[in-house]
Amino acid sequence: MDFSALLLTLFTGTIFLYFLRCLVSQRRRGSPKLPLPPGTMGWPYVGETFQLYSQDPNVFFASKQKRYGSVFKTHVLGCPCVMISSPEAAKFVLVTKSHLFKPTFPASKERMLGKQAIFFHQGDYHSKLRKLVLRAFMPEAIRDMVPDIESIAQDSLRNWDGTMINTYQEMKTYTFNVALLSIFGKDEVLYREDLKRCYYILEKGYNSMPVNLPGTLFHKAMKARKELSQILARILSERRENRSSHNDLLGSFMGDKEELSDEQIADNIIGVIFAARDTTASVMTWILKYLADNPNVLEAVTD
Ligand code: HEM
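Quick note on numbering: my numbering labels position 210 of the sequence shown as 210, and the sequence is numbered without any gaps.
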């Protein structure tokens with residue numbers, strides 16, 4: 001199992017959602033100085049961005065964690081921030097003190113995912129998107145997809161038979177296939193390869209240094225992002241021409257009374273894949289590990 005990839009997922013999942021910029025910048029002059037976690041802020045403006053990107057980001061996080069513990073301060077991509085990686089800290093941010101935090105992302109992430117994606121909004125637009133996403137994942141909406149999801153699982157099992165696999169990577173492939181099915185329904189087979197190709201380039205550049213020059217991972221990712229929008233625009237126009245109704249996420253977005261624009265739909269489709277994929281793959285990897293470690297539990301859930 002690729003634990004460094006899991007570690008990176010844990011970190012990236014929390015850092016970019018919970019850049020505690022506000023918390024750090026809200027310390028007003030004259031008010032008592034609030035204690036900040038241990039860590040270093042690096043150079044003015046660039047902070048520790050170069051350290052993060054000059055080596056494997058996993059090494060950056062692992063060495064910081066070893067030195068300062070599971071909560072430390074740093075400064076990357078132009079943002080003073082606090083990184084967290086413990087369940088207790090995650091609960092504090094997401095549950096017990098969630099009212100103190102506002103999700104913000106570095107501008108480069110916003111550009112890559114799309115400014116209209118749910119994560120970057122509050123208020124009515126945010127609530128509307130939340131409802132549309134939830135609607136597509138209610139039991140009645142996904143009931144008919146279960147046999148197709150099962151067949152994706154069975155295909156995976158056949159492919160793994162007799163080979164050594166990287167569980168987390170395989171779970172990512174599995175969740176991506178299920179995500180495509182939940183988003184595009186049966187239409188996904190027509191676009192699967194193009195969507196995969198572009199999405200994988202986008203993913204590779206997502207945590208790269210945000211330098212938009214030809215040849216950089218970031219530049220390639222931005223190009224792939226543009227191509228993804230074009231593919232989605234094609235799918236949308238084909239669905240509109242066929243006037244067909246669909247029970248999938250795209251159908252939910254397209255069925256909204258006050259129509260969403262193509263750009264809003266594309267940004268949110270890509271956003272949901274991002275939100276759903278590594279998180280679910282990570283949880284599934286841990287589930288497999290604990291089931292393997294506890295045969296009595298495995299027996300109880302498979303009986
Ligand atoms: C075990 C798997 C998952 C984990 C651990 C996870 C975790 C999270 C977390 C921590 C947030 C931020 C919540 C907040 O800001 O209060 C979030 C938001 C979100 N997640 Fe997930 N997620 C998972 C699976 C999924 C799946 C499968 C989907 C797609 C259907 C999804 C779609 C979203 C969306 C759309 C948001 C933004 C919600 C909003 O801004 O209101 N997530 N997720």
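For each residue, glycine too, the CB sits at the ideal point set by N, CA and C.
Residue i - partner residues in DSSP beta bridges
{"i": "residue 160", "result": "According to DSSP, which records beta bridges pairwise, residue 160 is partnered with nothing at all."}
{"i": "residue 72", "result": "83"}
Reduced DSSP secondary structure (H/G/I, E/B, other) of residue i
{"i": "residue 274", "result": "helix"}
{"i": "residue 254", "result": "helix"}
{"i": "residue 35", "result": "coil"}
{"i": "residue 185", "result": "helix"}
{"i": "residue 216", "result": "coil"}
{"i": "residue 205", "result": "helix"}
{"i": "residue 285", "result": "helix"}
{"i": "residue 47", "result": "strand"}
{"i": "residue 121", "result": "coil"}
{"i": "residue 165", "result": "coil"}
{"i": "residue 137", "result": "coil"}
{"i": "residue 301", "result": "helix"}
{"i": "residue 176", "result": "helix"}
{"i": "residue 295", "result": "helix"}
{"i": "residue 304", "result": "Because the chain in this structure spans residues 1 to 303, residue 304 falls outside the shown range and cannot be described."}
{"i": "residue 55", "result": "coil"}
{"i": "residue 222", "result": "helix"}
{"i": "residue 77", "result": "coil"}
{"i": "residue 260", "result": "coil"}
{"i": "residue 65", "result": "helix"}
Cβ-Cβ distance between residue i and residue j below 8 Å
{"i": "residue 83", "j": "residue 96", "result": "no"}
{"i": "residue 301", "j": "residue 183", "result": "no"}
{"i": "residue 106", "j": "residue 79", "result": "yes"}
{"i": "residue 77", "j": "residue 108", "result": "yes"}
{"i": "residue 228", "j": "residue 260", "result": "no"}
{"i": "residue 181", "j": "residue 148", "result": "yes"}
Practice problem: State whether the segment 244 to 254 contacts the segment 125 to 145, with contact taken as three or more CB pairs (one from each stretch) at a distance under 8 Å. | Solution: Touching, per the Cβ criterion.
**Request:** Check whether the segment 261 to 278 touches the segment 109 to 118, taking contact to mean three or more Cβ pairs, one atom from each stretch, closer than 8 Å.
**Result:** Result yes; three or more Cβ-Cβ pairs closer than 8 Å.
message = Three or more C-beta pairs under 8 Å: does that hold for the segment 34 to 41 against the segment 63 to 82?
response = They touch, by the three-pair rule.
ask   = For the segment 139 to 156 against the segment 194 to 205, are there 3 or more C-beta pairs whose distance is under 8 Å?
value = Cβ pair count under 8 Å is below three, so no.
Checklist entry - Should the segment 215 to 232 be regarded as contacting the segment 86 to 96, the criterion being three or more beta carbon pairs within less than 8 Å? => result The segment 215 to 232 vs the segment 86 to 96: no contact.
Contact the segment 168 to 175 vs the segment 205 to 218: 3+ CB pairs below 8 Å: Put simply, the segment 168 to 175 does not touch the segment 205 to 218. Fewer than three CB pairs are less than 8 Å apart.
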